[in-house]
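Peer 1:
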Amino acid sequence: MLKPIVKYQGGKSKEIPVIRQYAKNAKRIIEPFAGGAAAAFYFEKPSVLCDINHNVINLYQTVANSKDFSQLLDDVEALKDADHDELEAEYYVARDYINEHKNSIDYDSQKAYCYIVLRQLCFSGMERYNSEGDFNVPFGHYKNFSCNLVPEHHEFLRTCELIHGSFEQVDIKKGDFVFIDPPYLERLGYTEGDGSISLHERILEWTKNITENWLLIHSDHQFYFENYKHIVTNEFAYSQRFGKDKDHSNAKTYHLYISNRPVEVKFFSGTKEGLQMELVDIIAEAGLEVDKSIITKLTGKAAQYFIEVLSKNNS
Ligand SMILES: C[S@@+](CC[C@H](N)C(=O)[O-])C[C@H]1O[C@@H](n2cnc3c(N)ncnc32)[C@H](O)[C@@H]1O
Numbered sequence: 082m083l084k085p086i087v088k089y090q091g092g093k094s095k096e097i098p099v100i101r102q103y104a105k106n107a108k109r110i111i112e113p114f115a116g117g118a119a120a121a122f123y124f125e126k127p128s129v130l131c132d133i134n135h136n137v138i139n140l141y142q143t144v145a146n147s148k149d150f151s152q153l154l155d156d157v158e159a160l161k162d163a164d165h166d167e168l169e170a171e172y173y174v175a176r177d178y179i180n181e182h183k184n185s186i187d188y189d190s191q192k193a194y195c196y197i198v199l200r201q202l203c204f205s206g207m208e209r210y211n212s213e214g215d216f217n218v219p220f221g222h223y224k225n226f227s228c229n230l231v232p233e234h235h236e237f238l239r240t241c242e243l244i245h246g247s248f249e250q251v252d253i254k255k256g257d258f259v260f261i262d263p264p265y266l267e268r269l270g271y272t273e274g275d276g277s278i279s280l281h282e283r284i285l286e287w288t289k290n291i292t293e294n295w296l297l298i299h300s301d302h303q304f305y306f307e308n309y310k311h312i313v314t315n316e317f318a319y320s321q322r323f324g325k326d327k328d329h330s331n332a333k334t335y336h337l338y339i340s341n342r343p344v345e346v347k348f349f350s351g352t353k354e355g356l357q358m359e360l361v362d363i364i365a366e367a368g369l370e371v372d373k374s375i376i377t378k379l380t381g382k383a384a385q386y387f388i389e390v391l392s393k394n395n396s
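If you're matching positions, the sequence shown starts at 82 in the working numbering and goes up one per residue.
Encoded structure:
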């Protein structure tokens with residue numbers, strides 16, 4: 082049950098309770114659009130992580146690297162003592178480094194450190210590049226630096242297959258669960274392959290040939306309603322910081338859960354009742370007797386606590 086190493090826009094940590102209902106019994110987790118890889122880190126099963134963004138995969142390769150990991154962890158830990166002004170200076174040094182090496186797709190542990198600095202300290206957590214491919218987001222004026230990186234990330238990523246490339250490159254095997262989380266159609270925000278229609282048309286054709294279980298999460302865009310209507314779909318209102326409104330204020334979006342596997346989603350994340358139902362599910366999965374009358378008395382925090390304890394125990 083690891084947390085993603087870096088904050089990632091569009092990260093799906095909050096939707097793990099739903100993803101879990103689709104991913105049950107999977108032998109491996111395949112993330113063709115890995116980003117922060119919330120699902121793979123959470124389930125800690127054998128995983129394949131693929132992303133078109135070299136910074137993402139280079140980070141995971143560095144964390145997986147036995148020679149470079151401890152230096153990376155030391156550098157990250159040292160930054161936790163820095164104050165606002167030191168962080169600001171470090172941010173712009175890191176941004177310059179990333180931009181100077183934007184055309185390189187070689188393994189680079191220094192670039193991995195700089196990417197962590199950018200992801201954790203950029204304004205509003207937005208990863209944006211200008212037309213020349215330069216990262217152009219300013220410092221987010223943080224007073225402290227935080228990062229979830231721990232030795233367990235190293236242990237886990239050493240076991241993963243890491244692919245820098247496009248989603249079609251993943252090799253899907255029997256028993257895999259494929260979690261498809263592309264950039265939203267017509268949304269800004271990522272390096273390459275930004276939400277253009279052609280990317281989503283390619284995804285549509287690609288999913289037609291996947292016979293193993295897959296789940297695709299996307300906003301409630303017309304393209305998805307029209308093209309996936311023959312497939313089991315669940316819909317869920319989801320609040321997020323970057324929404325449809327121009328000023329990104331208090332925006333709410335609807336997520337579609339599209340899958341080739343007929344899963345009747347029992348609960349969605351975010352509410353006390355959802356957490357209680359998730360706990361009931363996890364207790365039953367562990368082969369223990371469930372007393373629902375007690376569980377419905379728990380607060381959301383208490384339910385969350387027991388979910389974490391039991392999930393650790395089960396894995
Ligand atoms: C919504 S994010 C994934 C977030 C992730 N599920 C998480 O929990 O953090 C989408 C990712 O897809 C990547 N991407 C865009 N086009 C791609 C392509 N053609 N092949 C692989 N990855 C791509 C982006 O770089 C970005 O990291």
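Glycine included, C-beta positions come from ideal geometry on N, C-alpha and C.
1) Can you give, in chain order, each stretch of the alpha helix (DSSP H) that sits fully within the segment 230 to 275 and has at least 4 residues?
2) Just tell me which of 393, 134 and 193 has its CA closest to the CA of residue 209.
3) If I follow the unbroken beta strand (DSSP E) through residue 111, where does it start and stop?
4) Straight-line CA distance for residue 174 to residue 201?
5) What residue range is occupied by the uninterrupted alpha helix (DSSP H) comprising residue 363?
6) Let me check you understand the geometry: is the CB of residue 361 closer than 7 Å to at least one non-hydrogen atom of ligand 1?
7) Could you say which of 370, 147 and 340 lies nearest to residue 236 if we only look at CA atoms?
8) Would residue 337 and residue 314 qualify as a contact pair, given that the criterion is a beta-carbon distance under 8 Å?
9) Anyone know if the C-beta pair for residue 123 and residue 82 falls short of 8 Å?
10) Provide the residue span of the beta strand (DSSP E) that contains residue 298, from first to last.
11) Which whole-angstrom value is the C-beta distance of residue 244 and residue 251, which I expect to be below 8 Å?
12) Based on the DSSP output, what are the partners of residue 132 in its beta bridges?
13) Alpha carbon to alpha carbon, how far is residue 85 from residue 349?
14) Considering Cα atoms alone, identify which of 259, 159 and 285 is closest to residue 399.
Peer 2: Looking at the coordinates:
1) 232 to 238
2) Indexing the sequence shown from 1 puts residue 209 at position 128. For the residues 393, 134 and 193, the minimum Cα distance to residue 209 belongs to 134.
3) The residue labelled residue 111 in the question sits at position 30 within the sequence shown. If you look at residue 111, you'll find it in the beta strand (DSSP E) that goes 109 to 112.
4) In the sequence shown, residue 174 corresponds to position 93, counting from 1. In the sequence shown, residue 201 corresponds to position 120, counting from 1. Between residue 174 and residue 201, the C-alpha separation is close to 14 Å.
5) Here residue 363 refers to the residue found at position 282 of the sequence shown. From DSSP, the alpha helix (DSSP H) with residue 363 extends over 353 to 366.
6) The residue given as residue 361 occupies position 280 in the sequence shown. Flag unset: Cβ of residue 361 not near ligand 1.
7) By 1-based counting over the sequence shown, the position of residue 236 is 155. The candidate whose alpha carbon is nearest that of residue 236 is 147.
8) Taking the sequence shown and counting its residues from 1, the one referred to as residue 337 is at position 256. Taking the sequence shown and counting its residues from 1, the one referred to as residue 314 is at position 233. Taking 8 Å as the Cβ cut-off, residue 337 and residue 314 qualify as a contacting pair.
9) As a working mapping, residue 123 is identified with position 42 in the sequence shown. As a working mapping, residue 82 is identified with position 1 in the sequence shown. It is a contact, given that the beta carbons lie within the stated cut-off.
10) The sequence position of residue 298 within the sequence shown is 217, counting from 1. Per DSSP, residue 298 belongs to the beta strand (DSSP E) from 294 to 300.
11) By one-based count along the sequence shown, residue 244 stands at place 163. By one-based count along the sequence shown, residue 251 stands at place 170. With 8 Å as the limit, residue 244 and residue 251 qualify as a contact, their Cβ atoms being about 7 Å apart.
12) Against the sequence shown, residue 132 aligns to sequence position 51. Answer by DSSP bridge pairing, in chain order: 245.
13) Counting from 1 along the sequence shown, the entry for residue 85 is found at position 4. Counting from 1 along the sequence shown, the entry for residue 349 is found at position 268. So the alpha carbons of these two residues sit roughly 21 Å apart.
14) Because the chain is modelled from 82 through 396, residue 399 falls outside the range shown and cannot be assessed.
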